[in-house]
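Peer 1:
Chains as they are written, first to last, in the numbering used here: chain Y, 253 to 347; chain U, 26 to 292.
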């Protein structure tokens, strides 16, 4: 099963369960009916906002922890000049 | 049950005459790399000699007009015809087919793919090999976004990038977040192309991949994970565009989005 099909199946099952609970056809375990009535209508929007904030946080953290490697650059430059001198000795054409 | 018969025991042993008993083939697709090719071969030769590994490099040149093949022949004369194999093609036919073409000439049991423009440094290859041997991994990929190896291994340096401005870093992080959410690939760097494969694994995956360009690299890893192959990561430093600026246009971003969607719906 492709990932898209798995995600679609999982979404369908969760949506059906959600709507059954939303229209009070099935009771939500561990929660009183009154609390369920207040929370369920806003649950999808809460999930959306949570996902949005997680995405923003993840991007920010990614940018903050992005490593620069300037010494890799300088090391590479010196290796290139060393390589060029050794290759000229071996008879390979380098600039 | 005979413990010597396990698949892991069979694949961990090699049959080449080096202390490592394996042979590592590097497939290097080139187009107009006359300046870079000698130096990258020099770096590879030095790394393999320092670590006493059996090696070969297969240069798949797409009929470069700048004389890349002449330089490759000079290098073959200098390092040995058995070490530097020039296997050119008639024209610019794409990366995936370059690997397939190169695979026909590999005599090693591991294949390393990398770029020839100094963005990938051969000094990380021994770390790839160490991680692969520690866990008998099928694939080891280099990651620019992690500070440590996965599975953990001592003796690695943190990954990083040189040559990217803030906008490029932002695009890169955004693209990774998208791919992580949509595909959950299990690797931190999906578009990286510095990898070590067991040759049988590479042959298997490459027959299944259909994308082109760098989406091809993404597809290989996603398919590998879907098929149950084990993938490890080693942090690497990535020096982008040694000469000149790194550019990423809107069309590439759109192509990336399409690639992620295609992988989501087909794998």
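Glycine included, C-beta positions come from ideal geometry on N, C-alpha and C.
For clarity, every value in this text was computed on a predicted model and none was experimentally measured.
(1) So, are the CB atoms of residue 70(U) and residue 104(U) less than 8 Å apart?
(2) Sorted by chain position, which residues of the same chain lie with C-beta nearer than 6 Å to residue 151(U)'s C-beta, five sequence neighbours on each side aside?
(3) Should residue 258(Y) be flagged as near chain U, meaning a C-beta pair shorter than 8 Å?
(4) Closer than 8 Å, Cβ to any Cβ of chain U: which residues of the region 266-282 of chain Y, in chain order?
(5) Would you give the residue range spanned by the beta strand (DSSP E) that residue 220(U) belongs to?
(6) Quick one: measure Cβ to Cβ for residue 224(U) and residue 124(U), integer angstroms, because I've assumed they're closer than 8 Å.
(7) Do the CB positions of residue 56(U) and residue 107(U) come within less than 8 Å of each other?
(8) Touching or not, the region 133-148 of chain U and the region 107-116 of chain U, by the rule of three or more beta carbon pairs under 8 Å?
(9) Residues in its own chain within less than 8 Å of residue 187(U) by CB, not counting five upstream and five downstream?
(10) Which residues of the region 56-83 of chain U have a Cβ closer than 8 Å to any Cβ of chain Y? Give them in chain order.
(11) Using a 10 Å radius around the Cβ and a threshold of 16 neighbouring Cβ atoms, would you call residue 283(U) buried or exposed?
(12) Does the CB of residue 315(Y) have a neighbour CB from chain U at under 8 Å?
(13) Which runs of the beta strand (DSSP E), 3 residues or longer, sit entirely within the region 46-74 of chain U?
(14) Give me the residue from 73(U), 38(U), 59(U) with the minimum Cα distance to residue 51(U).
(15) From residue 332(Y) to residue 262(Y), what does the alpha carbon distance come to, in whole angstroms?
(16) Are any of the Cβ atoms in chain U nearer than 8 Å to that of residue 254(Y)?
(17) Could you work out which residue in 215(U), 258(U), 121(U) is closest to residue 158(U) when comparing CA atoms only?
(18) Compare the C-beta of residue 304(Y) with all C-beta atoms of chain U and state if any pair is closer than 8 Å.
(19) Taking any Cβ of chain Y, which residues in the region 144-164 of chain U have a Cβ under 7 Å from it, in chain order?
(20) Would you mind working out which of 329(Y), 298(Y), 291(Y) sits nearest residue 275(Y), comparing C-alpha positions?
(21) Looking at the secondary structure, which residues open and close the beta strand (DSSP E) in which residue 156(U) lies?
(22) Which ranges does the alpha helix (DSSP H) cover as unbroken runs of at least 4 residues, wholly within the region 223-278 of chain U, from first to last along the chain?
(23) Does the beta carbon of residue 208(U) come closer than 8 Å to any beta carbon on chain Y?
(24) So, at 8 Å on beta carbons, what are the nonlocal neighbours of residue 146(U) in its own chain, with the 5 sequence-adjacent residues on each side left out?
Peer 2: Once the coordinates are examined:
(1) Yes, Cβ-Cβ distance for residue 70(U) and residue 104(U) is below 8 Å.
(2) Taking residue 151(U) as the centre and dropping the five residues before and after it, the same chain places the C-beta of 76 closer than 6 Å to its C-beta, in chain order.
(3) Cβ-Cβ to chain U under 8 Å: no for residue 258(Y).
(4) Residues passing the 8 Å Cβ filter: none.
(5) From DSSP, the beta strand (DSSP E) with residue 220(U) extends over 220-223.
(6) That pair is no contact at about 11 Å.
(7) No, these two residues do not count as a Cβ contact at 8 Å.
(8) As far as the Cβ criterion goes, the region 133-148 of chain U does not touch the region 107-116 of chain U, which means the pair count is below three.
(9) The beta carbon of residue 187(U) sits closer than 8 Å to the beta carbons of 262, 263, 264, 265 from its chain, once the five residues preceding and following it are set aside; these are given in chain order.
(10) For the region 56-83 of chain U, the set of positions with a beta-carbon nearer than 8 Å to some beta-carbon of chain Y reads 60, 63, 64, 67, 68 in chain order.
(11) Under the 10 Å beta carbon count, residue 283(U) is surrounded by fewer than 16 other beta carbons and is classified as exposed.
(12) At least one CB of chain U lies nearer than 8 Å to the CB of residue 315(Y).
(13) Runs found: 48-55.
(14) Measuring from the Cα of residue 51(U), the nearest candidate turns out to be 73(U).
(15) Distance between the alpha carbons of residue 332(Y) and residue 262(Y): 53 Å.
(16) Yes, residue 254(Y) lies at the interface with chain U (some Cβ there is under 8 Å from its Cβ).
(17) Taking the Cα of residue 158(U) as reference, the smallest distance to any Cα among 215(U), 258(U), 121(U) is reached at 258(U).
(18) So, not an interface residue.
(19) Of all residues in the region 144-164 of chain U, 146 have a Cβ within less than 7 Å of some Cβ in chain Y.
(20) Of the listed residues, the one whose Cα sits closest to residue 275(Y) is 291(Y).
(21) Per DSSP, residue 156(U) is not a residue of any beta strand (DSSP E); the alpha helix (DSSP H) it occupies stretches across 150-160.
(22) Fully enclosed alpha helix (DSSP H) runs of 4 or longer: 224-233, 240-252.
(23) Residue 208(U) counts as touching chain Y.
(24) Residues 68, 261, 262, 264 of the same chain have their beta carbon placed closer than 8 Å to that of residue 146(U), with the five preceding and five following residues left out of the count.
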